[in-house]
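Below is one structure; the comments refer to it alone.
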């Protein structure tokens with residue numbers, strides 16, 4: 012049986028996953044965002060409003076934690092620039108070490124498809140199933156939007 016605290020820990024771990032964050036910090040976020048009255052309830056007894064409030068709080072605090080460490084090099088000159096939380100959606104903003112004209116439309120679509128597949132093959136799928144949404148924005152080295160995607164279902 013799934014409990015809200017387990018889903019909350021999963022959401023925090025996944026949202027923070029792009030950078031090294033101690034488990035204690037993740038647990039602190041989860042405890043701050045999960046009211047004691049619902050911490051040990053099975054998911055079937057947690058209302059959608061309660062669940063959404065927990066996910067939104069975790070995403071908001073996670074974005075602040077990640078932004079405190081940004082920009083984060085991701086390899087090959089790519090950088091996680093910032094993270095923005097809006098309700099039950101968390102957006103990751105990446106700057107890729109490429110010019111827009113060197114990144115064809117087919118490659119942009121493939122990036123989005125691969126990202127959706129990665130989310131849906133991972134534990135993030137469970138967070139999506141409970142109402143969390145993961146957004147990704149990729150910009151070229153001069154700041155032009157290359158592609159964006161929001162994974163809101165798997």
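Residue numbers (the working numbering): 12 to 165.
Just so it is clear, CB atoms sit at the ideal spot from N, CA and C, and this is done for glycine as well.
Could you give the first and the last residue of the continuous beta strand (DSSP E) run that contains residue i?
i	result
residue 60	Careful: residue 60 lies outside any beta strand (DSSP E), inside the alpha helix (DSSP H) at 59-78.
Kindly indicate if chain B contains any beta-carbon less than 8 Å away from that of residue i.
i	result
residue 133	The structure shown contains no chain B; it holds only a single protein chain.
Count the other C-beta atoms from every protein chain shown that fall within 10 angstroms of the C-beta of residue i, then say buried if there are 16 or more, exposed otherwise.
i	result
residue 58	exposed
residue 97	exposed
residue 125	exposed
residue 12	Note that residue 12 has pLDDT 46, beneath the 50 cutoff, so the model's placement of it is unreliable and the number below is only indicative. Residue 12 should be labelled exposed.
residue 160	buried
residue 157	buried
residue 132	exposed
residue 155	exposed
residue 62	buried
residue 27	Because residue 27 sits at a pLDDT of 49, beneath the cut-off of 50, its placement in the model cannot be relied upon, and the following sentence gives the value as read from the coordinates. So residue 27 ends up on the buried side.
residue 79	exposed
residue 67	buried
DSSP beta-bridge partners for residue i?
i	result
residue 149	105, 158
residue 164	According to DSSP, which records beta bridges pairwise, residue 164 is partnered with nothing at all.
residue 41	The partner list for residue 41 (beta bridge, DSSP) is empty, contrary to what the question assumes.
query = Are at least three pairs of beta-carbons, each pair with one atom in the region 83-91 and one in the region 62-72, less than 8 Å apart?
reply = The region 83-91 vs the region 62-72: no contact.
Check: Hey, which unbroken runs of the alpha helix (DSSP H) at 4 residues or more fall wholly within the region 85-138?
Finding: Entirely contained in the region 85-138, the alpha helix (DSSP H) runs reaching 4 residues are, in chain order, 116-132.
ask   = Just checking, does the region 136-146 make contact with the region 106-124 on the three C-beta pairs under 8 Å criterion?
value = The region 136-146 vs the region 106-124: no contact.
Specify whether the region 100-112 and the region 142-149 touch according to this definition: at least 3 beta carbon pairs, one from each stretch, less than 8 Å apart. The region 142-149 and the region 100-112 touch, with three or more beta-carbon pairs separated by less than 8 Å.
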